[in-house]
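The structure appears below as structure tokens.
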Amino acid sequence: MFQKVLIANRGEIARRIIRTCKRLGIQTVAIYSEADEKSLHVCEADESYCVGEPPVNQSYLNVDAILAATKESGAEAIHPGYGLLSENAGFAKRVEQEGLVFIGPTSEVIEAMGSKLEARKRMASAGVPIIEGVNEAMASATEAAEVAAKIGYPVMLKASAGGGGIGMQVVHDEAELLKAFEGNQKRAESFFGDGTMFVEKFIAEPHHIEVQVLADQHGHTIPVFERECSVQRRNQKVVEEATSPFISAETREKMLDAAVAAASSIGYTNAGTIEFLVDANEQFYFLEMNTRLQVEHPVTEEISGLDLVEWQLKIASGEELTIERSQLRIHGHAIEVRIYAEDPVRFFPSPGTITKLVLPQESGIRHEAGVEEGSVVTPFYDPMIAKLITTGTTRDEAVTRMQQALADYVVEGIKTNIPMLRDVVAHPEFQAGRTTTKFVEQYYLPEVAKK
Amino acid sequence: MIKAEMAGTVWKVLVKEGDTVEEGQEVMILESMKMEIPVEAEEAGVVKRVVVNEGDFIDVDADLVEIE
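Protein chains in written order, with UniProt numbering: chain A, 1 to 451; chain B, 1 to 68.
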């Protein structure tokens, strides 16, 4: 096992990783930007290094400064967390070349899965169901229109390098496609430096369900159940739960099998997530693979009893998985909500100083927070400031605990999405477990408009 | 004067001095917390002055564009 690990991240996830490292007796090294000098993750690490000015491209994405800090501290491995450099194949490659360990899969696997088109091709050859569509780049809007006519409208126009909904659009007919093609291509070009576009059949009101996998460097891959992450706003998840209240036990087994086939076929190592779209008939299709720890990993930990960060560290240091799929059991139910510093209606960011923070402390509640009372939420980074996780022996119990916890959760000084989360969790459709990716548009926004 | 609703960075300036703008037209896009925030003209008029440049960091209530 490693003696010392550098955490190339900030906020709640840096604190989360530090916690497991401490339990395992591993020394921790934090990095921070000038805006985060007084952050909790900096105080909690054994050592810390400033890597630059507040904007991410000058600090948390500053590869040279991060590698210099790693060398100076004597850390043997880098944990990238999620976001930032976690799925940057170039960074993983630099880490490998410097003779350090990147806690994640190899740079080659990250690169392949970073291209939605390449991932589609690899999954198709591994026998994983993919959405009807094309496996090659569309050279022009006219070519895309020809393909769309064959598949049948509506179709989803997608940027191969896209993420977070950018470069992606549903189009209902040829005129709309021709109009949308160039704009999305340009956006993908400017955001991701790659304007490659392709076309897939549009799946109406799908569920977003993803499977957690763990794979060691000795050929063992196990699935650690699924997470239902359908409640989203601006294509970003807001509420996640494990297991999915929607799929049957039979579908679950099929999805876990598909996820293992997907990960094994590409030589995946470490913790990873296979995202699927699931239609009303429980047919599932590969969406993408996230080659890192997910924001919503705590719900999987709560129902499986595993510490996923511990397994990431063990696998990266070469240890074998000592658990088998047949040994894993589902213990109750877990729900996570993401607390964002944002206006709950327009979803606009709300940076500022947190003047009051009260985190409810009853049993069955877990907090992952990057802030405390008095913390300044700056405009430089992602608006997620904390996560609230509740568990129960049944889904109903976890939901009831979540409602109570949200009622008792106090954040003052900035706007947060807590009022929205309260409405979502209290909604009869959510309580019945009927959550599709259209939930916020269908149920939440109309009710806000009424008020 | 159009002011910033929140702290952030000026991502794109969409107008220049002398441009005629309509009510509701986007004059600038700010970036805050990884999100693009469009800034619209509250009323029609002519751009008298663009106070900020692309890449500038701005605080809440900072002056952005003057329209008359």
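Here a beta-carbon is modelled for each residue, glycine too, at the ideal position from N, C-alpha and C.
Neighbouring residues, chain A, relative to residue i (Cβ below 7 angstroms)
i               : result
Ile37 (chain B) : Phe348
Residue i: contacting residues in chain B (beta-carbon distance under 8 angstroms)
i                : result
Tyr381 (chain A) : Met33, Lys34
CB contact check: residue i to chain A, cutoff 8 angstroms
i               : result
Gly24 (chain B) : no
CB contact flag (residue i, residue j, <8 angstroms)
i                     : j                : result
Lys356 (chain A)      : Gly433 (chain A) : no
Phe91 (chain A)       : Val63 (chain A)  : yes
Val309 (chain A)      : Arg15 (chain A)  : no
Ala386 (chain A)      : Gly370 (chain A) : yes
Gly81 (chain A)       : Leu293 (chain A) : yes
Gly104 (chain A)      : Thr300 (chain A) : no
Tyr49 (chain A)       : Ala75 (chain A)  : no
Pro351 (chain A)      : Met420 (chain A) : no
Asp63 (chain B)       : Lys3 (chain B)   : yes
Glu26 (chain B)       : Leu14 (chain B)  : yes
Ile58 (chain B)       : Ala41 (chain B)  : no
Thr106 (chain A)      : Ala159 (chain A) : no
Gly332 (chain A)      : Thr394 (chain A) : yes
residue 452 (chain A) : Val155 (chain A) : Outside the shown range of chain A, which is 1 to 451, sits residue 452 (chain A), and nothing can be said about it.
Ile335 (chain A)      : Thr416 (chain A) : no
Ala45 (chain A)       : Thr28 (chain A)  : yes
Leu100 (chain A)      : Ile66 (chain A)  : no
Glu368 (chain A)      : Glu12 (chain A)  : yes
residue 453 (chain A) : Leu157 (chain A) : Outside the displayed range of chain A (1 to 451) lies residue 453 (chain A), so it cannot be described from this structure.
Under 9 angstroms from the C-beta of residue i: neighbouring residues of chain B
i                : result
Pro351 (chain A) : Met6, Ala7, Gly8, Ser32, Met33, Val60
(message) Counting only Cβ-Cβ distances shorter than 8 angstroms, please list the residues of the stretch 105 to 121 of chain A near chain B, keeping chain order.
(response) none
(request) Could you tell me whether the stretch 400 to 408 of chain A touches the stretch 210 to 220 of chain A, where touching means 3 or more Cβ pairs closer than 8 angstroms? (result) no
(request) Spell out a yes or no on whether the stretch 35 to 48 of chain B and the stretch 2 to 21 of chain B are touching, meaning 3 or more CB-CB pairs, one atom from each, closer than 8 angstroms. (result) yes
(message) For the pair the stretch 110 to 126 of chain A and the stretch 255 to 275 of chain A, tell me if three or more CB-CB distances fall below 8 angstroms.
(response) yes
(message) Does the stretch 182 to 198 of chain A come into contact with the stretch 224 to 244 of chain A, if we say contact requires no fewer than three beta-carbon pairs (one atom in each stretch) closer than 8 angstroms?
(response) no
(message) Using a Cβ distance threshold of 8 angstroms, determine whether the stretch 368 to 383 of chain A contacts the stretch 27 to 45 of chain B, with at least three qualifying pairs required.
(response) yes
(request) Answer yes if the stretch 84 to 102 of chain A comes into contact with the stretch 249 to 256 of chain A, meaning at least three C-beta pairs across the two stretches below 8 angstroms, and no otherwise. (result) no
(message) Tell me whether the stretch 134 to 141 of chain A and the stretch 171 to 184 of chain A touch, counting them as touching only if at least three CB pairs, one residue from each stretch, are closer than 8 angstroms.
(response) yes
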